[in-house]
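Residue 133 is where the sequence shown starts when you use the numbering used here, and the numbers rise one by one after that. We put the beta carbon where it would ideally sit given N, CA and C, even for glycine. Worksheet: one structure, shown below.
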Amino acid sequence: MNWNDAAEDFLNLVLAQTPRPIREDTESRLRGVSEAMAEEDGKNRVGVETVIAAWVRETPEALRPDLPRQMERFGLDPDEYSHLL
């Protein structure tokens, strides 16, 4: 499946904040979930919104309260993604 540049960039932002021992596994999971979500939506390309949704979905429950702060650090408005949180 194809990825647009913004989706790749966002994935790399997330991975840069991921501890090195789990970074490779996290990348694999996020790519797989993002591609599956895009397929379910009938898309042939993964976009940044899909990666954001996959990132939220794959974040462990214990870490989710920190997601709004992380979103702000990435230049996102957490209010726009409250439906995912």
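Identified DSSP bridge partners for residue i
i, result
"residue 178", "135"
Three-state secondary structure (DSSP) of residue i
i, result
"residue 199", "helix"
"residue 207", "coil"
"residue 143", "helix"
"residue 216", "coil"
"residue 158", "helix"
"residue 153", "helix"
Of the residues the options, the one placed nearest residue i, counting alpha carbons only
i, options, result
"residue 133", "169, 152, 146 and 151", "169"
"residue 157", "187, 138, 136 and 181", "187"
Classification of residue i by the beta-carbon crowding that lies within 10 angstroms, buried from 16 upward
i, result
"residue 206", "exposed"
"residue 167", "buried"
"residue 143", "buried"
"residue 217", "exposed"
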